[in-house]
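10 is the number of the first residue of the sequence shown in the working numbering; add one for each residue after it. For glycine and all other residues, C-beta sits at the position ideal for the given N, C-alpha and C. The structure appears right after this line, and notes come after that.
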Amino acid sequence: MELGSYDAELRETAARLSDRGRGILASDESTGTVGKRLVSVGLENNETNRRDFRELFYTAPGIGNHISGAIMFHETLYQACEDGTSFVDALRAQNVLPGIKVDRGLKPIPRLNGETYTEGMDGLAERCQNYYAQGARFAKWRAVLKIDPALQCPSSTAIESNAIGLALYAAIAQANGLMPIVEPEILIDGNHPIDVSASVAAQVISAVYQKLHAHRVILEGTLLKPQVRLENKSMHTFRLVLYVFRITDTKVWISLIFA
C-alpha cells in the first residue's frame, strides 16, 4: 500500500484515542435529540442553550484525564464557549481530540424487510476536508443491522451493502486526514439467543474488515466500535460475548468468548 500524506497522523490519532484508561465522549446527538433533553428541563431548544449544554462537558475541569476524544455534531464543531474560545481549542487544551459525525442517518433498503443503509456519501470528501481544516482529527459513521431469524435478517445484501458503505467512508475519511471510527451496530431487539447474536456479529465484522482491506484502508489508522454482545432485550438472562481479533493480509479471524 502506498503511504499517503496523512498516514502517520492517522496512526497517531488511533493510538491517542485508544489511550489506556480514557474513553471517547459521544456528544454527536442531532439538534433535535439535544432539544428533547433541553425541553425536558424546561429550556428552549436554541443555539445558545445547545452551546451552553456542550460547554458544560467540554470545559469540565480534568475531563482530559478520562476522555481522549469527543465526537461532535456539525453545529457543535463550529461553536465556541461563552468567552470566545472555540470548542476545538477548549478540547485540545485538555488533551482531548475533536471528532465529527459524518453520516446523515439511516434509510430503508427497498424490499428488504426494513433493513437499512446509511446516507452521507454525497460531498463526503469535501466535508471531511472542511472538518479537518476546522480542527477535527477523527470521524464516525454508523451502520445499523437487525437480527430477525423469521425474516432472515440480516440479509447478505444488507451486510454487504453496509460493509461497503463503512469501507468507502473509511477510505474517504483517511484520504482527507480524518481517522475513521467504524461502527457496524447490530440491534439487540428480538427474542433470539446470544449464540445467534454472536454469530451474526462475527459475520458482520468479518465482512466489514474484508471490505476495509479491499478498499486499502490503513487498519492501524482506524478504530472499530463493536458492541459487547448481551442477551437480547426479550431474554431474561445476562450473558455477554467478547471479541478477539486476528487480522492477516487476506482474512479476519474472530474468536468469541462467552461469559
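query: Cβ-based neighbour list, isoleucine 181, same chain, cut-off 7 Å, excluding 5 preceding and 5 following; result: Leu133, Ala134, Cys137
query: Boundaries of the beta strand (DSSP E) in which glycine 32 is found, first to last residue; result: 32-36
query: Continuous alpha helix (DSSP H) stretch holding glycine 174: start and end; result: 165-184
query: Three-state secondary structure assigned by DSSP to valine 97; result: helix
query: Buried/exposed call for glutamate 53, threshold 16 Cβ in 10 Å; result: exposed
query: Local conformation of isoleucine 195 per DSSP, three classes; result: strand
query: Burial state of asparagine 171 (16 or more Cβ within 10 Å); result: buried
query: Outcome for glutamate 64 when other beta-carbon atoms lying within 10 angstroms are tallied against a minimum of 16; result: buried
query: Alpha-carbon to alpha-carbon, isoleucine 109 and leucine 100; result: 13 Å
query: Minimum C-alpha distance to threonine 40 - residue among Val97, Arg113, Arg29; result: Arg113
query: Neighbour-count burial assignment, threonine 127, 16 or more Cβ in a 10 Å radius; result: buried
query: Alpha-carbon to alpha-carbon, isoleucine 72 and lysine 155; result: 35 Å
query: Arginine 146 - DSSP class collapsed to helix/strand/coil; result: coil
query: Where glutamate 229 falls, given that 16 or more other Cβ within 10 Å makes a residue buried; result: exposed
query: Three-pair Cβ contact test at 8 Å for the stretch 26-34 versus the stretch 74-82; result: yes
query: Opposing strand residues paired with tyrosine 126 [DSSP bridges]; result: Lys116
query: Same chain only: Cβ atoms within 6 Å of leucine 196, ignoring 5 sequence neighbours per side; result: Lys155
query: Cβ neighbours of tyrosine 87 in the same chain (closer than 7 Å, five flanking residues each side left out); result: Gln143
query: Nearest-angstrom beta carbon gap, alanine 167 and valine 226 [assumed within contact, 8 Å]; result: Actually they do not touch by this definition, with Cβ atoms about 21 Å apart.
query: Straight-line Cα distance separating glycine 174 from lysine 220; result: 9 Å
query: Residues sharing a beta bridge with glycine 108, DSSP; result: Ile80, Phe147
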